[in-house]
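As given, the protein sequences belong to chains F and Y, one line each in that order. In this text, residue positions in the first sequence follow the numbering used here: the first is 616, and each later residue adds one. In this text, residue positions in the second sequence follow the numbering used here: the first is 712, and each later residue adds one.
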Amino acid sequence: MEPKRDKKVIAMCILCVALLAGMWLIYTDLYQRLPFFQDRTITIGVFSDSYWEVPNGYSYQILEDAIQVFRESHPGVEVEYVSGIMKEDYSEWLAEQLLAGRAPDLFFVLSDDFNDLAEIGALKDLTLLIEKDKGFQKEEFYSSAYEYGQYHGVQYSLPYECAPKLMFVNKSILDREGLEIPDENWDWDQFYEICQKVTRDTDGNGIIDQFGVVGYTWEEAFESNGIKLFDQQGKECYLSDAKAEASLVFVEKLQELNNGYNATARDFDLGNVVFQPMSFSEYRAYKPYPLSIKKYSSFEWGCIPMPSGPKGDNISTLETLRIAMNGDTRHTADAWELMKILTCDERIQSEIFTYSEGVSVLKEVTESDKTLQQLIESSVDSRSLNLEILSGAVENAVVAPRFRNYDEAMAEVDKAVNDILEGKSNIRMEQIIWNRKINKFLE
Amino acid sequence: MDESRYSGYTLVVMKNLNLFTILYIAVIMSSSLSGYIQENSALAFLAKVDQMPMVGWKVPVVSMGLYIAFLLVLYLQSESNLSLFLKVCLELAISFYISYVIGFSYTGIVLLILADTMRYFPKSRARLLFMVFISIFYLLIDYNLLSAYYGVAPLEAYLGYYQTEISSVLLGLKNVLNSLNMLVFLVYIILLVRMQFSEKERVLALNEQLNATNEELRCANMQLEEYAKESEKAAEARERNRLAREIHDTLGHALTGIITGIEACTTLMDVAPEATKEQLKAIAEVARQGVIDVRRSVKALRPDALEKFNLEKALAQAIQEMKRATNAEISYQCSAKLNCFDEDEENIIYRIVQECITNSIRHGKASKIQIQIGREFEILKICIKDNGIGCSNVHKGFGLHHMEERLDLLGGSLSYHGEDGFAVEAQLPIRWGTEEKKHD
Chain F
616 MEPKRDKKVI
626 AMCILCVALL
636 AGMWLIYTDL
646 YQRLPFFQDR
656 TITIGVFSDS
666 YWEVPNGYSY
676 QILEDAIQVF
686 RESHPGVEVE
696 YVSGIMKEDY
706 SEWLAEQLLA
716 GRAPDLFFVL
726 SDDFNDLAEI
736 GALKDLTLLI
746 EKDKGFQKEE
756 FYSSAYEYGQ
766 YHGVQYSLPY
776 ECAPKLMFVN
786 KSILDREGLE
796 IPDENWDWDQ
806 FYEICQKVTR
816 DTDGNGIIDQ
826 FGVVGYTWEE
836 AFESNGIKLF
846 DQQGKECYLS
856 DAKAEASLVF
866 VEKLQELNNG
876 YNATARDFDL
886 GNVVFQPMSF
896 SEYRAYKPYP
906 LSIKKYSSFE
916 WGCIPMPSGP
926 KGDNISTLET
936 LRIAMNGDTR
946 HTADAWELMK
956 ILTCDERIQS
966 EIFTYSEGVS
976 VLKEVTESDK
986 TLQQLIESSV
996 DSRSLNLEIL
1006 SGAVENAVVA
1016 PRFRNYDEAM
1026 AEVDKAVNDI
1036 LEGKSNIRME
1046 QIIWNRKINK
1056 FLE
Chain Y
712 MDESRYSGYT
722 LVVMKNLNLF
732 TILYIAVIMS
742 SSLSGYIQEN
752 SALAFLAKVD
762 QMPMVGWKVP
772 VVSMGLYIAF
782 LLVLYLQSES
792 NLSLFLKVCL
802 ELAISFYISY
812 VIGFSYTGIV
822 LLILADTMRY
832 FPKSRARLLF
842 MVFISIFYLL
852 IDYNLLSAYY
862 GVAPLEAYLG
872 YYQTEISSVL
882 LGLKNVLNSL
892 NMLVFLVYII
902 LLVRMQFSEK
912 ERVLALNEQL
922 NATNEELRCA
932 NMQLEEYAKE
942 SEKAAEARER
952 NRLAREIHDT
962 LGHALTGIIT
972 GIEACTTLMD
982 VAPEATKEQL
992 KAIAEVARQG
1002 VIDVRRSVKA
1012 LRPDALEKFN
1022 LEKALAQAIQ
1032 EMKRATNAEI
1042 SYQCSAKLNC
1052 FDEDEENIIY
1062 RIVQECITNS
1072 IRHGKASKIQ
1082 IQIGREFEIL
1092 KICIKDNGIG
1102 CSNVHKGFGL
1112 HHMEERLDLL
1122 GGSLSYHGED
1132 GFAVEAQLPI
1142 RWGTEEKKHD
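Quick look at the structure:
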């Protein structure tokens, strides 16, 4: 080969390698780590109103405090967030930021979005960070809340706050009817018995105007009867389970008590219903919320865990607000520190009881006297709430499987259950037929 | 060759077509992403895909950067099978990532690799292996197959941003580009096959020609060998004859003269001793001449007289010598110019004259000999007549036979008769185009 040609070939090889390296840098976002792009500002995605659908004036209070704590331990690192994004716009905003490659390093993830974001790889796998960080104790979290941060067994997020589902009890009716408020280990039989006793026509006009329960659906029945509705991958449905049949029969029995009349949440508000399942956040919101004070002033109320089915426990699901890290973040270490402050710092977590309506995900915080004090201060009646009940409800909460299209699958099951309950044919047969249909849908 | 130039052009067209197609898809993807963001339907888009899509601006940048790198690799020449293999692997890897970036919606770039690699095929023995390797890659690099392993958003998800008509036009154009790429590839292959075919044909034709020539050559060689053998035999025979002739012509002639002279001497010796002496001197002269002739014959096998003089003078001398040696009366008339003959003709004319005189004296006991040389049209006529005893039944001796033979070789003829003495007539055609030389 001539030397001239040789030189040309070498130049081309170098150019080619440089191009490939450049494309790799761009593709993997590593170019942002070049000195030119270096900065130490972490961004965090947050929405302005409460996760629990309750307006309050402290939307950024906890976050501001957390940033303050973070700044003290990490001088030189700035934390920024965009304020003013409403919860209803937050999912779309986050998706746009992700698509445009401008997503914040840390962001809150709404329940509806978590599965999708984890599935497409927008969230950072935290496993390595957790393993490397000796100071991080996952035992500090409620195991259920912690597990809610996983997707297909991988820790993609940490829980920030949660709210268990509890059974609201109208004590006034029970007193009137001469019934005891059930203890926290009550079961379906007790539940049915009370409902049967209180369901009647009080003013003698021939129309039932006092009811046992409102808002108790197949979901609550399934949860408290130990039914696992789907496998973890969301490929199979277990609707044809015998336990499911028992639950369906129980729900049908409850409905039959009302003799065709459908009680509504308004009936509960008016003090005509004994039981209503409700999230803890709603329960807390009743007191500070001015309208609800009026609403519930007419009766005494308290809350207890859900009644257990013959094969299950006094448990229900947990609603969780998670924080996740951007899969493409270039401030992993700093973001991890901030994430830990938000989720595992007891000072910050205890503020949840002050400024939000959820429950702290840390056992230590939720069970502390300080929390009780705070709850009493925020005018939750100490007689109506037992912290052990709350803590137990969170700890033992059912962790629903998390897979893509979970919501759609649940909607399918809802359709199936309504169809089965409305139809007069054999429940068992219907279960098998619907189970097949749903399995097909899952595929 | 035309085909090779056209196939080169086709490759260039393919490269540009691929560039355009990839850029086209990349721009669709990136503009659709920004469209989704502006339209506030990013969430709906994310719900449709299995993998976080690449940020909009990166798609054209990365795909074009990779494509340029790909072209550079394509441009590199490889000299061995190993380097060709490495080159092909690198090309396939880059093409895979380009396809990955554009959501495996276009894989025609693999055809470009196949087309480029085919250029090496006449040189490479492993061509089938390469072809199979690249083809398998081409078959496997398919969205439906790969999306199971590499979660990529399908092009359809991006096209979902556009209105139905626009998106179908965009998709249609992409398919047209893809088909066009295949078409160009096909043309390239046809050109390549034609190129190889015509090359083969040319080689075949050349081979055939070579075979024919070889055959001809073999025949010619055989003929030549036969001819050489014949010619060798002929030369041998000719040489033998010539030798015999020479002996006969020179020694025979001289000895005849001597014998006749000596016979005359015996008769004369007592009557005229002086004349005998003279006669003996003449005989001695003849003998000497004979010796010289023999010596010369041995040397060049050519009459010395002819060597020294031209034909006319040589003949005159020979006749003169004969006259002196034999006492016979020899008349010589020559009406033709004798200066236009070749050596072989001169030889034969000289030998005929010499032979006939010798014969007349030896066999015919003639005392008078007439020699006439004349030309009739293109034929030289030599007539020699004597008054000897003749011969009614001519017995062809060596001399006559020899003369006939020599004349035959030159296309002439000999006739003779033995009544009233002995007469010989030789006819020798004068060679075509041979003019009498002007008298110098």
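Beta carbons are placed, not taken as given, at the ideal position from N, Cα and C, and that holds for glycine.
query	result
Whole-angstrom C-beta distance between residue 878 of chain F and residue 829 of chain F, which should lie under 8 Å	4 Å
Where residue 949 of chain F falls, given that 16 or more other Cβ within 10 Å makes a residue buried	buried
Per-residue burial, residue 1120 of chain Y [other beta carbons within 10 Å of its own, 16 or more giving buried]	exposed
Chain-ordered neighbours of residue 659 of chain Y on chain F, where CB pairs are closer than 8 Å	The displayed coordinates of chain Y run from 712 to 1151. Any statement about residue 659 of chain Y would go beyond what the structure contains.
CB of residue 1013 of chain F within 8 Å of CB of residue 760 of chain F, strictly	no
Selection of the segment 621-638 of chain F by Cβ proximity to chain Y, strictly under 9 Å	624, 627, 628, 630, 631, 632, 633, 634, 635, 637 and 638
Near-chain Y residues of the segment 717-741 of chain F - C-beta to any C-beta below 8 Å	728, 731, 732, 734, 735, 736 and 737
Proximal residues to residue 1095 of chain Y (C-beta, below 6 Å), its chain only, five neighbours per side dropped	1067, 1082 and 1135
Test: residue 642 of chain F CB closer than 8 Å to a CB of chain Y	yes
Residues from the segment 772-786 of chain Y in contact with chain F, defined by Cβ distance under 8 Å	772, 773, 776, 777, 779, 780, 783, 784 and 786
Boundaries of the alpha helix (DSSP H) in which residue 771 of chain Y is found, first to last residue	769-786
Where residue 681 of chain F falls: helix, strand or coil (DSSP)	helix
Pairwise C-alpha distance: residue 636 of chain F and residue 971 of chain F	48 Å
DSSP three-state assignment for residue 1038 of chain F, whether helix, strand or coil	coil
Stretch-stretch touch, CB-based, cutoff 8 Å, three pairs: the segment 768-785 of chain F with the segment 942-962 of chain F	yes
Neighbouring residues, chain F, relative to residue 880 of chain Y (Cβ below 7 Å)	Chain F residues near residue 880 of chain Y: none, gap ~24 Å exceeds 7 Å.
Span of the alpha helix (DSSP H) around residue 913 of chain Y	875-957
Rounded C-alpha distance that separates residue 791 of chain F from residue 758 of chain F	40 Å
Contact test: residue 1006 of chain Y Cβ vs the ligand FMN heavy atom, cutoff 7 Å	Absence of the ligand FMN is noted for the structure shown, with no ligands found whatsoever.
DSSP beta-bridge partners of residue 1128 of chain Y	Y:1134
Cβ-based burial, residue 933 of chain Y [other Cβ within 10 Å; buried from 16]	exposed
Limits of the unbroken alpha helix (DSSP H) element including residue 1037 of chain Y	1022-1037
Member of Y:850, Y:990 and Y:904 whose CA lies at the smallest distance from the CA of residue 968 of chain Y	Y:990
Exposure label - residue 752 of chain F; buried when at least 16 CB within 10 Å	exposed
Chain Y within 8 Å of residue 941 of chain F, Cβ atoms only	no
Helix, strand or coil at residue 1086 of chain Y according to DSSP, with G and I counted as helix	strand
Nearest-angstrom beta carbon gap, residue 753 of chain Y and residue 711 of chain F [assumed within contact, 8 Å]	4 Å
Stretch-stretch touch, CB-based, cutoff 8 Å, three pairs: the segment 1047-1061 of chain Y with the segment 1022-1030 of chain Y	yes
Neighbourhood of residue 733 of chain Y by C-beta distance below 8 Å, restricted to the same chain and skipping five residues each side	774, 775, 778, 809, 813, 817 and 820
Spatially closest choice to residue 704 of chain F from Y:755, Y:811 and Y:763, by CA coordinates	Y:755
Any chain Y beta carbon closer than 8 Å to residue 715 of chain F	yes
Supposed contact pair residue 629 of chain F and residue 953 of chain F - C-beta distance, whole angstroms, cut 8 Å	The Cβ separation is near 42 Å, so there is no contact.
Test: residue 764 of chain Y CB closer than 8 Å to a CB of chain F	yes
Cutoff 8 Å: residue 871 of chain Y Cβ touching any chain F Cβ	no
Buried versus exposed call for residue 716 of chain Y [16 or more other C-beta atoms within 10 Å across all chains shown]	exposed
Euclidean distance between Cα positions of residue 1113 of chain Y and residue 1052 of chain Y	20 Å
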